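Take a look at the structure below.
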Amino acid sequence: MDDIVSPLDDYQVESILAADIGSCWTRVALLDRVDGQYCFVARSELPTSSEPPVANASMAVRLALQQIGASTGRVFLDANNALITPERADGSGVDLFVVTCSAARPLDVVIAGLAEQMSVASARLAAQATYSRIVDAFALDSTGGPWGSPYGAVGVIKRLYASRPQAILMAGGTDGGAVESLIDLAEALG
Numbered sequence: 204m205d206d207i208v209s210p211l212d213d214y215q216v217e218s219i220l221a222a223d224i225g226s227c228w229t230r231v232a233l234l235d236r237v238d239g240q241y242c243f244v245a246r247s248e249l250p251t252s253s254e255p256p257v258a259n260a261s262m263a264v265r266l267a268l269q270q271i272g273a274s275t276g277r278v279f280l281d282a283n284n285a286l287i288t289p290e291r292a293d294g295s296g297v298d299l300f301v302v303t304c305s306a307a308r309p310l311d312v313v314i315a316g317l318a319e320q321m322s323v324a325s326a327r328l329a330a331q332a333t334y335s336r337i338v339d340a341f342a343l344d345s346t347g348g349p350w351g352s353p354y355g356a357v358g359v360i361k362r363l364y365a366s367r368p369q370a371i372l373m374a375g376g377t378d379g380g381a382v383e384s385l386i387d388l389a390e391a392l393g
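This is how it looks when you write it as structure tokens:
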């Protein structure tokens, strides 16, 4: 790997713009090289603009660049609203622009567990710690019958069809306990 030559090997990155486009907030930060080390210069944070009516995630990035430009006196966008790169001798633009994006819609999840108060509750906590939306939950011990339906696994399949989840989180069988019902449900969904 030492013999691979990159066109960037002799290029000195003096300025970096980093943007994170999240589902709620867009954050942009400017870093500059000072005495051989990168230093934080400025940042901006705005609501993400990826949803209607704007529906353009780059809008919040451009507004953040304008805010950073106003506080630093630097220009990042040209007359056509395009990012200036590499950085020019007058200090306008940047050498490197990196973007991360997590502005996708959350994953639709259905939870199936053996016991409403134990496994479903634990699975609900686990799902809520991720970027997901719980669209339905049911348990073997539900008051409406097994799996929350008087029709058992068939009722579950109907509920799943109606809620159209992207993932099913199954929980239960604490410490290797009774998992047969979950296996039966998984096979029915199979």
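When you line the sequence shown up against the numbering used here, it's residues 204 to 393, in that order. C-beta: ideal position from N, C-alpha, C; glycine also. Quick caveat: nothing in here was measured; it's all calculated off a predicted structure.
Legend entry - Cβ-based neighbour list, S384, same chain, cut-off 7 Å, excluding 5 preceding and 5 following: Position 181 of the sequence shown, counted from the start, is the residue given in the question as residue 384. Closer than 7 Å at Cβ, skipping near neighbours: L317 and L343.
Inset, instruction - Name the one or two DSSP bridge partners that F341 has. - result: Mapped onto the sequence shown, residue 341 falls at position 138. According to DSSP, F341 bridges with A315.
Inset, instruction - Measure the C-alpha to C-alpha separation of T346 and G272 and round it to an integer number of angstroms. - result: Position 143 of the sequence shown holds residue 346. Position 69 of the sequence shown holds residue 272. T346 and G272: Cα-Cα distance of roughly 60 Å.
Inset, instruction - Indicate whether I337 and A374 have their beta-carbon atoms separated by less than 8 Å. - result: Here residue 337 refers to the residue found at position 134 of the sequence shown. Here residue 374 refers to the residue found at position 171 of the sequence shown. Cβ distance not < 8 Å, so I337 and A374 don't count as in contact.
Inset, instruction - Answer yes or no: does any C-beta atom of chain C fall closer than 8 Å to that of S366? - result: Given the protein chain composition of this structure (a single chain), no chain C is represented.
Inset, instruction - Measure the C-alpha to C-alpha separation of A340 and A381 and round it to an integer number of angstroms. - result: Here residue 340 corresponds to residue number 137 of the sequence shown, with the count starting at 1. Here residue 381 corresponds to residue number 178 of the sequence shown, with the count starting at 1. Rounded to whole angstroms, A340 to A381 spans 19 Å at the Cα level.
Legend entry - Element boundaries [alpha helix (DSSP H), containing V264]: Position 61 of the sequence shown, counting from 1, holds the residue named residue 264. Following the DSSP letters along the chain, one finds V264 inside the alpha helix (DSSP H) bounded by residues A260 to T275.
Inset, instruction - Assign R362 to one of three DSSP states: helix, strand, or coil. - result: Here residue 362 is taken as the residue at index 159 of the sequence shown, counted from 1. Three-state result, R362: helix.
Inset, instruction - Using 10 angstroms around the beta-carbon of P368, count the other beta-carbons present and answer buried if the total reaches 16, otherwise exposed. - result: Here residue 368 corresponds to residue number 165 of the sequence shown, with the count starting at 1. Under a 10 Å Cβ-count criterion, P368 is classified as buried, with 16 or more other Cβ atoms of the shown protein chains found around its own Cβ.
Inset, instruction - Grab the span of the beta strand (DSSP E) containing S218 for me, first residue to last. - result: Here residue 218 refers to the residue found at position 15 of the sequence shown. Element bounds for S218: S218 to I224.
Inset, instruction - Check each candidate in E319, T333 and M262 and name the one with the smallest Cα separation from A285. - result: Here residue 285 is taken as the residue at index 82 of the sequence shown, counted from 1. Taking the Cα of A285 as reference, the smallest distance to any Cα among E319, T333 and M262 is reached at M262.
Inset, instruction - Would you mind stating whether G225 and S335 have Cβ atoms separated by less than 8 Å? - result: Translated into the one-based positions of the sequence shown, residue 225 becomes position 22. Translated into the one-based positions of the sequence shown, residue 335 becomes position 132. Against a cut-off of 8 Å, the Cβ pair of S335 and G225 comes out as no contact.
Legend entry - Exposure of L328, with buried meaning 16 or more beta-carbon neighbours within 10 Å: Translated into positions along the sequence shown, residue 328 becomes position 125. By the neighbour-count rule (16 or more Cβ atoms within 10 Å), L328 is not buried but exposed.
Legend entry - Strand pairing of T229, partner residues [DSSP]: Taking the sequence shown and counting its residues from 1, one reaches residue 229 at position 26. Bridge partners of T229: I224 and L249.
Legend entry - Burial state of R362 (16 or more Cβ within 10 Å): By one-based count along the sequence shown, residue 362 stands at place 159. Buried, because 16 or more other Cβ atoms sit within 10 Å of the Cβ of R362.
Legend entry - As assigned by DSSP and simplified to three states, the class of T333: As a working note, residue 333 is residue 130 in the sequence shown. Coil.
Inset, instruction - Indicate, with yes or no, if the ligand GTP has a heavy atom lying under 7 Å from the CB of D344. - result: Ligands in the displayed structure: none, and consequently the ligand GTP is not present.
Inset, instruction - Compute the Euclidean distance between the alpha carbons of L299 and C227, then round it to the nearest angstrom. - result: Along the sequence shown, read from residue 1 onward, the residue named residue 299 stands at position 96. Along the sequence shown, read from residue 1 onward, the residue named residue 227 stands at position 24. Taking the straight line joining both Cα atoms gives about 25 Å.
Inset, instruction - Would you check if the distance between the CB atom of V312 and the CB atom of A330 is smaller than 8 Å? - result: As a working note, residue 312 is residue 109 in the sequence shown. As a working note, residue 330 is residue 127 in the sequence shown. Contact check for V312 against A330 passes: the beta carbons are separated by less than 8 Å.
Inset, instruction - Starting from M321, trace the beta strand (DSSP E) both ways and give me its first and last residue. - result: Counting from one through the sequence shown, the residue named residue 321 turns up at place 118. No beta strand (DSSP E) holds M321; DSSP gives it neither H nor E.
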